[in-house]
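Participant:
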Ligand SMILES: Nc1ncnc2c1ncn2[C@@H]1O[C@H](COP(=O)(O)OP(=O)(O)OP(=O)(O)O)[C@@H](O)[C@H]1O
Ligand SMILES: [Mg+2]
């Protein structure tokens, strides 16, 4: 009994923290349909702000508390609602989930980057609060049990908050509405409640709870460590599941209960089962408890299986656009059929001969990742489920193969096969209960599974050898990097073909049917559950194979710091694959290769903090919300549509010109793009040519670079001014030149500011650059940036003035080129200041690994030119086109053949005879 | 709100044992009683209608028969076998086919692919290892069956178009064809004529009658179009607020006073 009291006293404070976040989870889930994995990260944000203010800067405790909890947390919650989820209200659960996961991955890194730093920070306990009140004892006694003030304060604060929540729910209008939404969303909609306000309030309130929990956790654990917060997520998910993602009071009690149970678990294992659970294992066992709870609930509680009813309005959504390859003409198809094998053969030959050893290893690394990613293609792209445990299944495959090979002398290839089978077995065992639920529950279960296996299984010294790691041998015939590449490529080809065959086969067709209509698929006798479990097992095996190959690259597997298969990276993988395209094999390859290239670029080439990488991929998830088909697929389709539109317009322009009534706003796209491309293109040719002749990277002086670039920049600015003038004559707004001037002035101002902070851009190559250099660069960049935003807005105005509803250009179309201007200016400044940072394409020799810099700059430039082309195309369309031409072209309806002139050239004002 | 009065004795299903027998099916949705103690019998090869005003529970009854909803009480037997606890796909394989009131097509597939995939599901010959060995292409026999169904439904012109581009009426034909491809013993049709014009409705009814005469499956038809109902079915059940208020030969039920009040009220 007295032991029980100890559990209560020591467990309840942590339980309170779990309860706070879990209540927030349920609250947002019920009011907005978003299961916010990121709450744990938001708790970390508030905790970090508090610790940074109070511990590092020595601000008074109450100010820190006020800012972290009452300002930062709700403002961030509001931001999530306003900036993201407001637009996703009708989106599918996958879209919401991927967006949330992106934030979950990116936010802790952002916090560590800008606020707290990578290292855990020690925190003094909150017990100083009672001390400030004049209480000097470290604690007090309840029936001979010592209770420290830290623990007591946590409980007191939680009680106060729960009372406050109760008050809000009972007595305020918004609280009543929120409670009503939680109980019956339909009813509330029918009653005409403003759901925007309710969801904003729910986001703010639940973020506030997360914020309090974050601060309390830091003071209770007496350190601020991101990992503590990430593990926090699993417990809170379990608590939310106990409340069936519905009941707030049950969730609250479950959170507290889990805190107590967690505290009690080691003692129970020790006293009742006679297990001596000390130190390490006790720490490892803790995360498994919430997982077990979650899993048992999923398996045992029947009512949780009730599927959410489909949105009755879902049928109203426009059909998804067809995949890009359906637009391709037979010519293009024949070309790709021919070009693809040539490209692959060329790639292999290059990898075996001219590519440097380092890059062979890196690209092989990317290819092994692509194998793992194919498992995501199967689960997400085919079966429509999201699993966050693919890194774990990869780890199961890797560890099994390595341990068998090292400890038992089993040939490594056999080990890989056994590893794949073990992963498949684990996957199907796990999938049997979880997949019947599907949807969000599967995702929750996989995350819990991943974190538990990572912490409990992978961490065992018998498996991972402690901090030393396990050696992962390569097959005897693939010892060198180049033969190993061939081996990996072979495996990838086999797995890739298997995936394609599955998609084309009965399984794939059944899955398409299920995606189309699950009810109808069942009504013709398709068993979706068996299909999904099979696919989950296959995907686990694929991940296992990929994991073993991935470990062979570095030839060892680690846990802890620098772990090979951390769950959190696995989440970033899912987000990456889904953003780049989860339906195709090339999506997986793109994801694998870009993962290693971007990682290299950010960390090795630009020497940025390691977290930036995760931040970038995390934020990339946000594009998924707009383009669920994958950003690559989206861009491919967009450029095909643009080509079609340009063809249609040029035919019409000829007719106008023949009638001598072509408005001068019409300019052929090529006339704009070619001069803009000329500078960068010629410079690239010059750089590569000279490098070839000198047989090493050419040292190009900045002035030489400027000679190439400046004419293009001047042309661009002139084009912008001219286009603005023409749009004004067509009915756009005046003051374009003033806007441009303002942008230039702003840019120059920022240049001066940056210069005063010591960021110089030595235009003429001599360090340190003068302030004039920064001003000139700022002028050009500022003017270009504002005009990129202004021109589409002008075109939009012209379109609206014509009464069009279907506009070819909108203000947001300028965002991409504007952002590229910023990135380009940044890259330019890093290059010219290159000597300080060890990279650069100008002013100094570039090492061979400078290739990717060339490549990335090239890709950015191409995207930028595409954006310019689409702006000119849009201007042309408002000048001589017809409403809805883009959409007609996209649907393949526009006729590029010139129609008779009279059909669209307006009759001259004087009338005709 | 009166007690259910039944005009004819329930379930005069004729001499043969029924293919479908539903007993005391009840279903509630959070306070609304959508079905209460509904009984129904359909004999093999029989054409039966189920009518009732909007929200009477007809679609809910279909969903309970096929297992898309779990009723709170009652049993469903198919050819004497209790199927109450079976999942949807198993009931489908035992011989119940259905169409949906709101079109449920496999978006992204063509008409032909709809029929082919249904045939594959019916045969149950799809295996993952066959996919991996590239043995999953439709066989000549499957192709023929699909081609026959395309002709039967008159969808030749649209056979290789994606279903998203079809009109509502054509979409209903695809659903009918898909349900027929499962070679059902009992076909459940949920308002097949809704959204169609008079000519399309007549065409649909003709096709249905022709196929039914040839294959002799039983049909349970939910329909608002009285003309179509009376031209097709021999027996009628009437639901109102989840309760069976009448059943019997079509003409007699349509002439019944209470039915007219509940359903055709405005007459
Ligand atoms: N999933 C559901 N959740 C809650 N209530 C439902 C659900 N499905 C149906 N209902 C309710 O059950 C009742 C019966 O609905 P059902 O769709 O079966 O009627 P119906 O006879 O098919 O009507 P209609 O002629 O309009 O198709 C209605 O009151 C409906 O609102
Ligand atoms: Mg209905």
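Chains as they are written, first to last, in our numbering: chain L, 1 to 913; chain U, 1001 to 1267.
No residue lacks a Cβ here, since even glycine has one placed at the ideal position from N, Cα and C.
Using a beta-carbon distance below 8 Å, is residue 916/L in contact with chain U?
Facilitator: Outside the shown range of chain L, which is 1 to 913, sits residue 916/L, and nothing can be said about it.
Participant: Under a three-way DSSP split, which group does residue 826/L fall into?
Facilitator: Position 826 of the first chain holds residue 826/L. Of the three classes helix, strand and coil, the one that applies to residue 826/L here is helix, per DSSP.
Participant: Which same chain residues, not among the five before or five after residue 1288/U, have their C-beta less than 8 Å away from its C-beta?
Facilitator: The question about residue 1288/U has no answer, for chain U in this structure spans 1001 to 1267.
Participant: With DSSP collapsed to three states, give me the class of residue 1169/U.
Facilitator: Here residue 1169/U is taken as the residue at index 169 of the second chain, counted from 1. Of the three classes helix, strand and coil, the one that applies to residue 1169/U here is helix, per DSSP.
Participant: Any beta carbon of chain L sitting closer than 8 Å to that of residue 1185/U?
Facilitator: Along the second chain, one-based indexing puts residue 1185/U at 185. It does not; no Cβ of chain L falls within 8 Å.
Participant: Would you say residue 527/L faces chain U, with C-beta separation under 8 Å as the test?
Facilitator: The count along the first chain starts at 1 and reaches residue 527/L at position 527. Yes, contact with chain U.
Participant: Give me the DSSP bridge partner(s) of residue 471/L.
Facilitator: Within the first chain, the letter at position 471 stands for residue 471/L. Beta-bridge pairing links residue 471/L to 556/L.
Participant: Does residue 1237/U come within less than 8 Å of chain L when only Cβ atoms are used?
Facilitator: Along the second chain, read from residue 1 onward, the residue named residue 1237/U stands at position 237. Cβ-Cβ to chain L under 8 Å: no for residue 1237/U.
Participant: Between the Cα of residue 745/L and those of 781/L, 729/L, 576/L, spot the shortest distance and give me the residue it belongs to.
Facilitator: Walking along the first chain from the start, residue 745/L turns up at place 745. Cα-wise, what sits closest to residue 745/L is 781/L.
Participant: Indicate whether at least one CB of chain L lies closer than 8 Å to the CB of residue 1100/U.
Facilitator: Start at 1 with the first residue of the second chain, and residue 1100/U comes out as number 100. Interface residue, yes.
Participant: Output yes if chain U places a C-beta closer than 8 Å to the C-beta of residue 505/L; else output no.
Facilitator: Within the first chain, numbered from 1, the residue matching residue 505/L stands at position 505. Residue 505/L counts as touching chain U.
Participant: In or out: residue 1185/U buried (at least 16 other Cβ within 10 Å) or exposed?
Facilitator: Start at 1 with the first residue of the second chain, and residue 1185/U comes out as number 185. The residue is buried, with at least 16 neighbouring Cβ atoms inside 10 Å.
Participant: Assess, as a yes-or-no matter, whether the region 365 to 384 of chain L is touched by the region 585 to 601 of chain L under the definition of 3 or more beta carbon pairs within less than 8 Å.
Facilitator: Verdict: yes, contact present.
Participant: So does residue 68/L have its beta carbon nearer than 7 Å to some heavy atom of ligand 1?
Facilitator: In the first chain, residue 68/L corresponds to position 68, counting from 1. Because no heavy atom of ligand 1 lies under 7 Å away, the Cβ of residue 68/L does not count as near it: no.
Participant: Can you say whether residue 1062/U is buried or exposed, counting buried as having 16 or more other CB atoms within 10 angstroms of its CB?
Facilitator: In the second chain, the residue the question calls residue 1062/U occupies position 62. Per the 10 Å Cβ criterion, buried.
Participant: Tell me the rounded alpha-carbon separation between residue 1153/U and residue 1146/U.
Facilitator: Taking the first residue of the second chain as 1, we reach residue 1153/U at position 153. Taking the first residue of the second chain as 1, we reach residue 1146/U at position 146. Roughly 11 Å between the two C-alpha positions.
Participant: Suppose you measure from the CA of residue 772/L to the CA of residue 742/L; what does that come to, to the nearest Å?
Facilitator: Your numbering for residue 772/L matches position 772 in the first chain. Your numbering for residue 742/L matches position 742 in the first chain. Looking at the two C-alpha atoms, the distance is approximately 18 Å.
Participant: Mind listing which residues of the region 532 to 566 of chain L have their C-beta closer than 9 Å to chain U's C-betas, in chain order?
Facilitator: Answer set for the region 532 to 566 of chain L: 534, 535, 538.
Participant: Does any residue of chain L bring its CB to less than 8 Å from the CB of residue 1068/U?
Facilitator: Within the second chain, numbered from 1, the residue matching residue 1068/U stands at position 68. Cβ-Cβ to chain L under 8 Å: yes for residue 1068/U.
Participant: Can you give the Cα-Cα distance for residue 66/L and residue 213/L, rounded to whole angstroms?
Facilitator: For the purposes of this step, residue 66/L is taken as the residue at position 66 of the first chain. For the purposes of this step, residue 213/L is taken as the residue at position 213 of the first chain. Those two C-alpha atoms are separated by around 14 Å.
Participant: Run down chain U in chain order and give the residues with a C-beta less than 9 Å from the C-beta of residue 517/L.
Facilitator: Locating residue 517/L in the first chain gives position 517, counting from the first residue. 1100, 1103, 1104, 1105, 1106, 1107, listed in chain order.
Participant: Can you tell me whether residue 680/L is buried or exposed? The criterion is at least 16 other CB atoms within 10 Å of its CB, across all chains shown.
Facilitator: Here residue 680/L corresponds to residue number 680 of the first chain, with the count starting at 1. Buried is the call here.
Participant: For residue 1031/U, go through chain L and note every residue whose CB falls closer than 7 Å to its CB, in chain order.
Facilitator: In the second chain, the residue the question calls residue 1031/U occupies position 31. Near residue 1031/U there are no residues of chain L at all, since even the closest Cβ is about 11 Å away, more than 7 Å.
Participant: Count the other CB atoms within 10 Å of the CB of residue 1204/U; is the residue buried (16 or more) or exposed (fewer)?
Facilitator: For this step, residue 1204/U is matched to residue 204 along the second chain. Residue 1204/U should be labelled buried.
Participant: Cβ closer than 7 Å: which chain B residues qualify as neighbours of residue 1146/U?
Facilitator: Absence of chain B from the displayed structure is noted, the protein chains being L and U.
Participant: Report, in whole angstroms, the separation of the C-beta atoms of residue 940/L and residue 708/L, which I expect to be a contact under 8 Å.
Facilitator: Because chain L in this structure spans residues 1 to 913, residue 940/L falls outside the shown range and cannot be described.
Participant: Would you list the residues whose beta-carbon is nearer than 7 Å to any heavy atom of ligand 2, in the order they occur in the chain?
Facilitator: Output, sorted by chain position: 1058/U, 1059/U, 1101/U, 1190/U, 1191/U, 1222/U.
Participant: Determine, using beta carbons only, whether residue 524/L comes closer than 8 Å to chain U.
Facilitator: On the first chain, position 524 is the one that residue 524/L refers to. Cβ-Cβ to chain U under 8 Å: yes for residue 524/L.
Participant: For chain U, check one thing: does any of its Cβ atoms lie closer than 8 Å to the Cβ of residue 423/L?
Facilitator: Taking the first chain and counting its residues from 1, one reaches residue 423/L at position 423. Chain U contact via Cβ: absent.
Participant: Leaving out the 5 sequence neighbours to the left and right, which residues in its chain are closer than 6 Å to residue 877/L when beta-carbon positions are compared?
Facilitator: For the purposes of this step, residue 877/L is identified with residue 877 of the first chain, where counting begins at 1. Closer than 6 Å at Cβ, skipping near neighbours: 808, 885.
Participant: Between which two residues does the beta strand (DSSP E) containing residue 720/L stretch?
Facilitator: In the first chain, residue 720/L corresponds to position 720, counting from 1. From DSSP, residue 720/L is part of no beta strand (DSSP E) but of the alpha helix (DSSP H) over 702 to 729.
Participant: Reducing DSSP to helix, strand and coil, say where residue 1027/U ends up.
Facilitator: What you label residue 1027/U is simply residue 27 of the second chain in a count that begins at 1. The answer is strand: DSSP assigns residue 1027/U an E or B state.
Participant: Report all residues from its chain with a CB closer than 7 Å to the CB of residue 613/L; omit the five preceding and five following residues, and keep chain order.
Facilitator: Residue numbering aside, residue 613/L sits at position 613 when the first chain is read from its first letter. The residues are 598, 599, 602, 603.
Participant: Would you call the region 22 to 37 of chain L in contact with the region 203 to 217 of chain L, where contact means no fewer than 3 C-beta pairs closer than 8 Å?
Facilitator: Segments in contact, yes.
Participant: Okay, do the region 402 to 409 of chain L and the region 467 to 477 of chain L touch, 3+ Cβ pairs below 8 Å being the bar?
Facilitator: Yes, they touch.
Participant: For residue 664/L, which of helix, strand or coil comes out of DSSP?
Facilitator: Position 664 of the first chain, counted from the start, is the residue given in the question as residue 664/L. Looking at residue 664/L - three-state DSSP - the assignment turns out to be coil, as it is neither helix nor strand.
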